[in-house]
Amino acid sequence: MSDINNRKKLLEADRKFIWHPFTQMKEWAETEPVIISEARDCFIKDIDGRWYLDGVSSIWVNIHGHRKKEIDEAIKEQVDKVSHSTLLGLSNVPAIKLAERLAKLMHDSGFNISKTFYSDNGSTSVEVALKMAFQYWIHKGVKGRNTFLSLNNAYHGDTLGAVSVGGIDIFHKTFKPLLFKTYKAPSPYCYRCELKLSYPSCKMACLKKMEDILKKYSSSIAAVIIEPLVQAAGGMIVSPEGYLKGVRDLCTKYNVLMIADEVATGFGRTGKMFACEHEKVTPDIICLSKGITGGYLPLSVTVTNNEIYNAFLGEFKDLKTFFHGHSYTGNPIACAAALACLEIFEKEETLKKLQPKIQMLKEWLKEILSMPSVGDVRNKGLMAGVELVENKKTKKPYQWEDKIGWKIANYARENGVFLRPLGNVIVIMPPLSISEVNLEQMLVVVKNAISGVQ
810 MSDINNRKKL LEADRKFIWH PFTQMKEWAE TEPVIISEAR DCFIKDIDGR WYLDGVSSIW
870 VNIHGHRKKE IDEAIKEQVD KVSHSTLLGL SNVPAIKLAE RLAKLMHDSG FNISKTFYSD
930 NGSTSVEVAL KMAFQYWIHK GVKGRNTFLS LNNAYHGDTL GAVSVGGIDI FHKTFKPLLF
990 KTYKAPSPYC YRCELKLSYP SCKMACLKKM EDILKKYSSS IAAVIIEPLV QAAGGMIVSP
1050 EGYLKGVRDL CTKYNVLMIA DEVATGFGRT GKMFACEHEK VTPDIICLSK GITGGYLPLS
1110 VTVTNNEIYN AFLGEFKDLK TFFHGHSYTG NPIACAAALA CLEIFEKEET LKKLQPKIQM
1170 LKEWLKEILS MPSVGDVRNK GLMAGVELVE NKKTKKPYQW EDKIGWKIAN YARENGVFLR
1230 PLGNVIVIMP PLSISEVNLE QMLVVVKNAI SGVQ
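When the count follows my numbering, it moves up by one through the sequence shown with no breaks and lands on 1263 for the last residue.
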């Protein structure tokens, strides 16, 4: 079969059988999508032989690059032993070793948490955390703690519990009739402050609003859930220094649990292994996924402390068991990939080598801030967002239907860089292993794309 016929068949099958996530399928059917057939290092290759720099780490999961030898070999070795065995009534070697490795990692990061519960994606890790926090208070004999406090602009996943604590109307409003009640505090979105104030003169009034909610309703709140430092899907919104520590202090003051959703920010994205490390904050529960396997396989963990874990201990008849689980909980292949991924962090000194690349990104962001359509730039580590505006003085945003982010992404794609924007925000989140040469090239393309479209 010729390459042209093969491409045509693949396109037809894609349009006929696949429903793509977060995608308007009517428009998809009218486009010529990129179909990936191969990948290497920080690049992905389509069926026509064109290579693209993977500017969003295959949606924020790839850490060490594609086809990483150590992870490839770990997976192959594990397949030769056992590919899956349930954790319901059994255990397995990679799951045990990974839980032990994660406990050490938590300790090294300054966190007093060590009990790992496995699931298979970021949404489920959040569902586990919410149910765990709710049931914890029941076992403690505390009644009425049946809701949560989260932030506007928050994104914690797409299952109904995770959507309930979300705060992005475009994603979540449709499902409102299905959701449980939660309290919402203002987002620390300094560029578009909900309170119409300016940082730092505001003295983080958004924290005061959170305290007002806790002061009034803490007796009904099981936990505060936040994305530490960066609200990723909300538009790469970076909180001001001290905000995260302030949230931790409020949780302690009002005796509610703190859940840190580090699905996007974990595993080096912010320049440290975990975002909470930047402000020496220890959450009661941490949710991790995405980069945990280096982008190879679905896996997530919800890690908590002994205080919460011990509340679930009792006699069989007491029914204190945490009645939650997944068919692929603790999958041996995924755990083997995760162990190899963590080993690479140490072997290649990933975090240390990341620092000059973070500095390069910061300098580039300062440079492009002068561009007419760039309203705001923000980053933490190698996570960055460039917010585009129609009017820089008034901060007037482009309309959703203008698709300005997609126009820039399409321009970049034609020049060898794959991006996926968040509305008017251009997301820059390449693999941590990207070379300085490739990072520089990526940034040149993005700048040219913004210039070419504005």
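C-beta: ideal position from N, C-alpha, C; glycine also.
Local Cβ density within 10 Å of residue i, reported as buried at 16 or more and exposed below that
| i | result |
| --- | --- |
| M810 | Since pLDDT at M810 reaches only 48, below the 50 mark, its modelled position is unreliable, and no value is offered. |
| I827 | exposed |
| Q1040 | buried |
| T1111 | buried |
| E1071 | buried |
| D1093 | buried |
| N815 | exposed |
| N921 | exposed |
| K825 | exposed |
| F831 | exposed |
| I1095 | buried |
| E882 | exposed |
| S892 | exposed |
| H916 | exposed |
| I979 | exposed |
| V951 | exposed |
| L958 | buried |
| P1009 | exposed |
| M834 | exposed |
Residue i, DSSP secondary structure in three states
| i | result |
| --- | --- |
| K1171 | helix |
| K854 | strand |
| S973 | helix |
| Y1026 | helix |
| E847 | strand |
| T1111 | strand |
| Y1052 | helix |
| S928 | strand |
| C1085 | helix |
| F1227 | strand |
| I1046 | strand |
| S1090 | Here the sequence assigns Val to residue 1090, which means Ser is not the residue at that position. Note: V1090 maps to coil in three-state DSSP. |
| Q833 | coil |
| M810 | Summary for M810: the model assigns pLDDT 48, below 50, so the residue's position carries little reliability; its value from the coordinates is reported in the next sentence. The answer is coil: DSSP assigns M810 none of H, G, I, E or B. |
| E1210 | helix |
| I1261 | Checking the displayed sequence, the identity of residue 1261 turns out to be Gly instead of Ile. Helix, per DSSP. |
Rounded C-alpha distance that separates residue i from residue j
| i | j | result |
| --- | --- | --- |
| Y1137 | K1099 | 16 Å |
| T840 | K885 | 37 Å |
| E1249 | V1226 | 12 Å |
| N1219 | C851 | 19 Å |
| P986 | S973 | 10 Å |
| L907 | A963 | 29 Å |
| D1211 | A994 | 30 Å |
| L1228 | G874 | 16 Å |
| L1252 | D855 | 22 Å |
| G1184 | K1204 | 7 Å |
| V1065 | D1021 | 14 Å |
| R859 | R849 | 13 Å |
| S923 | A904 | 14 Å |
| F1154 | K1171 | 23 Å |
| N847 | L1241 | Residue identity check: residue 847 is Glu in the sequence provided, not Asn. E847 and L1241: Cα-Cα distance of roughly 20 Å. |
| K1175 | Y998 | 19 Å |
| E1199 | V1090 | 38 Å |
| K1256 | E1196 | 13 Å |
| I1034 | G970 | 12 Å |
| L939 | A1032 | 8 Å |
| S894 | V1246 | 43 Å |
| M941 | S918 | 23 Å |
| I844 | V935 | 31 Å |
| I868 | A1149 | 20 Å |
| L1214 | K1129 | The sequence given here places Gly at residue 1214; Leu does not occur at that position. Going from the Cα of G1214 to the Cα of K1129 covers about 49 Å. |
For residue i: DSSP bridge partner residues
| i | result |
| --- | --- |
| G1194 | R1187 and V1236 |
| M1067 | V1033 |
| K1205 | N1200 |
| I1095 | A1069 and V1112 |
| Q1164 | Beta-bridge pairing links Q1164 to no other residue. |
| Q1040 | I1046 |
Only counting runs of 3 or more residues, tell me where the beta strand (DSSP E) segments fall wholly within the stretch 853-913, in order along the chain.
-> 860-863
What are the start and end residues of each continuous alpha helix (DSSP H) run of 4 or more residues lying completely inside the stretch 943-1000, in chain order?
-> 969-973 and 978-981
Segments assigned alpha helix (DSSP H), at least 4 residues, entirely inside the stretch 1111-1143 = 1115-1119
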